Structure formats: structure tokens, C-alpha cells
Amino acid sequence: MQESIHDVAVIGLGAMGAATLFQLAERGQRVIGIERFQPGHDRGSSHGESRAIRLGYSESPQYVPLLRRAYAYWRELEQLTGETLLLTSGILEMGMPGSRLVAGTLKASEQYGLDHEVLSPREVQRRYPAIELPQDYSSVWQPDAGILRSDAINALHIRHAIAQGAQVVTNARVLAIEPRAGVVRLVLDDGRAIEAGSVVVCAGPWTSDLVPSLKSTLTLTRAVSCWYRPKRPELFKSGALPVFMIDDGRDFFYGFPDFGDVGLKCGSHYGTGQIQHADLARQDASAPDENHTRDYLERYMPEGAGPLLGMKTCLYTMTPDTDFIIDTSPEDDRIVVVSPCSGHGFKFAGVVGEIAADLAISGDTEQDISRFRIDRFPA
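Counting from 117, one number per residue, gives the positions in the sequence shown under our numbering.
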């Protein structure tokens with residue numbers, strides 16, 4: 117069965133796909149979104165309640181211009197919808213002075229003149245009694261950083277896109293993308309075929325299934341987030357504790373204050389090892405996953421290591437250089453590939469949606485995406 121032709125089809129409605137769907141609908145495009153599960157599912161990379169956002173970016177100063185637009189986007193979306201989506205909490209990034217986290221954050225902050233402070237372990241504990249650091253650590257405080265309500269944002273993007281006329285198909289898997297004269301045809305596992313003028317692939321850990329040329333480029337890892345009821349809850353509430361990251365040279369530990377009586381969220385950024393395919397990833401989390409996180413809590417925030425409230429898995433889609441992929445496909449420029457991945461993409465979802473919509477409509481964008489081109493990797 118073949119459906120009518122759409123201007124754009126978006127494959128995958130996680131963070132990037134939902135934002136792209138929203139942007140295209142806002143611009144009056146006849147857009148359809150296709151999700152292999154239900155929106156908000158926990159099989160990919162966009163669930164889990166919260167994500168961090170910060171301007172001084174340890175990954176590279178080159179992300180700062182995009183981050184400035186990302187901040188503006190989230191505030192504009194709040195004004196449009198009347199919902200609170202970005203909670204300003206500040207962030208502490210901690211580790212040895214030469215660690216990638218601390219040194220990288222300082223480099224970006226100094227290059228762009230961003231608001232920040234360098235704090236000693238003693239000053240950190242004076243401000244935030246929950247945190248206990250080795251005396252040779254250094255910390256960078258960014259007051260403008262905060263928490264994005266990720267689940268709420270994803271749902272909002274889809275809801276408002278539908279209100280603007282977008283169509284959404286759920287529980288349908290795209291088996292093939294077939295470029296043809298005048299259209300791109302999508303073959304679904306339920307026998308349907310959908311045709312569109314252009315296609316945006318936002319399939320997260322399933323990206324290489326639909327763009328086979330990326331199979332040797334993209335790898336998958338599994339990460340676990342844990343939620344705890346702290347022994348002293350008053351030390352871990354939003355306002356008493358900021359978002360935090362710790363780079364101890366062995367692992368990269370992150371966490372969020374309890375901002376809605378949901379507990380202290382924390383986990384390891386480096387994950388639990390590579391997996392072969394998203395369909396083979398364990399969705400359950402086990403005692404070894406939790407023990408690793410608890411060890412870090414007991415070392416740096418012992419009063420936080422109370423009863424476990426829950427755990428969730430998350431898949432990271434990694435590029436070799438940990439930068440994103442945002443580009444048209446080398447096979448056909450009507451296919452846009454969006455994979456802001458490697459475990460640090462959510463904060464950019466709004467601006468990436470804008471860029472993806474630009475590429476789907478005109479093949480070009482005003483944003484500098486040269487860092488994210490596919491051709492930087494061997495064919």
C-alpha cells in the first residue's frame with residue numbers, strides 16, 4: 117500500500133527526529149515522522165528524564181557558537197509553549213588540573229569569555245557540602261549551566277508538530293530507503309511504502325541499518341544511569357547541588373541534583389562496553405552496573421549513596437572522533453543523515469532540528485557544520 121507523497125519524511129522520533137519534525141511542521145512542510153516503537157520508548161538514547169547543558173564545552177571550543185543558539189532555542193520554545201524546559205542549576209566540572217574535562221572547559225571558557233570560576237576542593241565543599249574531592253583536584257564552576265527536561269521536550273516537540281499538521285506513524289520500522297526519480301521511497305515492515313521529496317534519518321543506534329556506508333564508522337556502547345535516595349536529601353536538592361561531572365582519569369562520572377523528588381541521578385559516561393547491534397543491547401541493568409556508580413558516589417559524595425531507586429540503560433552511537441554527523445548522504449543528497457551522537461548530543465537537539473530542516477528543504481544551512489561532514493571518515 118502506497119501513501120501520498122510528503123515533502124519530508126523523518127525516520128526516528130527521538131530527540132533529533134522530534135525536533136526536526138517540529139521544525140518542518142512549523143515551516144509549513146507536509147511532513148511525516150516514522151517511529152519504530154512508541155515515542156518516549158527506552159530502547160535508544162533520548163529517554164531518562166534529564167540532560168545537562170553548558171556553554172564552556174570541554175569537547176571543543178568549536179561547539180560554543182552552536183551552544184549559544186541552543187540556549188536561545190530552548191528559551192524561545194519555553195516562550196512559545198509556556199512550559200519550563202531549562203532549569204538553571206550551574207555545573208561543577210572536577211578533576212585533575214590537566215584532565216580533559218577541566219582543561220577543555222577552561223580553554224573554551226577563556227576563548228569565548230564565558231562566565232566561570234576556578235574553585236579549590238576546599239571552596240567546593242564550602243559551597244556544596246555533599247562533595248568531597250581530593251586536595252589535588254581543580255573545579256570549574258559555570259553558573260549558566262543547567263538541566264534540560266529531556267522527556268518533556270521530546271513529547272512537546274511531537275505534540276506541537278502534530279498540532280501544526282505533521283503526521284506520525286508508530287510501531288513501524290523502515291526496511292529500506294530507495295531513491296527514485298522525483299521522490300525517495302521508504303519501505304516499511306508492515307508493507308506500506310511512503311514517498312517524500314527528501315528524508316531525514318534520525319535513527320540513533322539504528323542509523324547504519326539505513327545508511328550502510330556508515331557501518332564501519334559508527335559503533336555502539338551501552339551506558340547506565342542510576343537514581344538514588346540520598347542519606348541526606350537536603351544536600352542533593354536542586355539549589356543545594358548543581359549538575360556535576362568528575363574526570364578522574366579512569367572514568368567520567370556525571371550527575372544531576374534531585375529537581376523534582378525523583379532522586380539523585382548519576383552514572384558513568386564511558387558505559388559498559390561495545391555492543392554489536394542495538395537490537396542485541398540488554399535493556400535491563402544489573403548489580404555490576406549499579407556497583408560501579410555507587411563506588412563513585414561513595415568516593416566523592418558519600419551522603420548520596422543511599423537506597424537505589426531505579427536504573428535505566430541508554431545507547432551511545434559513537435563516531436571515531438566523538439563529533440557529530442550532520443550532512444547529506446553521499447549516496448543521494450535528498451537523504452539527510454543526523455547523528456549528534458557520542459553521548460553528548462541532546463543539548464543541541466533544537467538547533468540540530470533547525471539545521472536538519474534547512475538541509476531537507478534547501479540542501480544548505482547558515483550554521484557551520486563543516487566539522488560534522490560524513491566525508492571526514494574513510495569511505
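Every residue gets a Cβ at the ideal spot worked out from N, C-alpha and C, and that includes glycine.
Please read all numbers here as calculations on a predicted model, not as lab measurements.
Item to complete: Just mark N407 as buried or exposed, buried being the case when its beta carbon has 16 or more other beta carbons within 10 Å.
Response: exposed
Exercise. For C342, which beta-bridge partners are listed by DSSP?
Worked result: Beta-bridge analysis with DSSP links C342 to C382 and M427.
Next item on the list: Identify whether S266 lies in helix, strand or coil by the three-state DSSP scheme.
Entry: helix
Worksheet entry | Assigned secondary structure, R301 (DSSP; H/G/I helix, E/B strand, else coil) | strand
In this structure, does DSSP put Y189 in helix, strand or coil?
helix
Measuring only the C-alpha atoms, how far is V303 from E294? 8 Å
* Flag this pair as touching only if the segment 448-464 and the segment 126-145 have three or more C-beta atom pairs under 8 Å; answer yes or no. => yes
- Message: So, with DSSP's three-state summary, where would you put V327?
- Response: coil
Own chain, CB closer than 6 Å to I477, minus 5 neighbours either side, in chain order:
none
Could you name each continuous alpha helix (DSSP H) segment of 4 residues or more that falls completely within the segment 182-267, going from the start of the chain to the end? 216-228 and 237-243
Check the C-beta distance from I263 over to S166 and give it rounded, since I have them as a contact under 8 Å. About 5 Å; that satisfies the 8 Å criterion.
Report task. From the DSSP output, in three-state form, read off K347 for me. Result -> Residue state, collapsed to three classes: coil.
- request: Could you tell me how far apart the beta carbons of S174 and E209 are, in whole angstroms, since I believe they sit closer than 8 Å?
  value: 7 Å
inquiry  = Here's the rule: buried if 16 or more other CB atoms are within 10 angstroms of the residue's CB, otherwise exposed. What is R191?
reply    = exposed
| task | Return the first residue and the last residue of the beta strand (DSSP E) that G149 is part of. | result | First-last of the beta strand (DSSP E) with G149: V147 to E151.
Taking its Cβ as the centre, do 16 or more other Cβ atoms sit within 10 Å of N287, making it buried, or is it exposed?
exposed
Under 8 Å, do D231 and P259 count as touching if we go by C-beta distance?
-> It is a contact, given that the beta carbons lie within the stated cut-off.
Spatial neighbours of P250 in its chain, beta-carbon cut-off 8 Å, leaving aside the 5 residues before and after: The residues are P237.
Reduced DSSP secondary structure (H/G/I, E/B, other) of G313 = strand
If distances are taken between C-alpha atoms only, which option among Q390, F352, D123 and A312 comes closest to C430? Q390
Residues that V467 bridges to, as DSSP identifies them
According to DSSP, which records beta bridges pairwise, V467 is partnered with nothing at all.
Discussion item. Tell me the DSSP secondary structure of M417 in three-state form.
Written reply: coil
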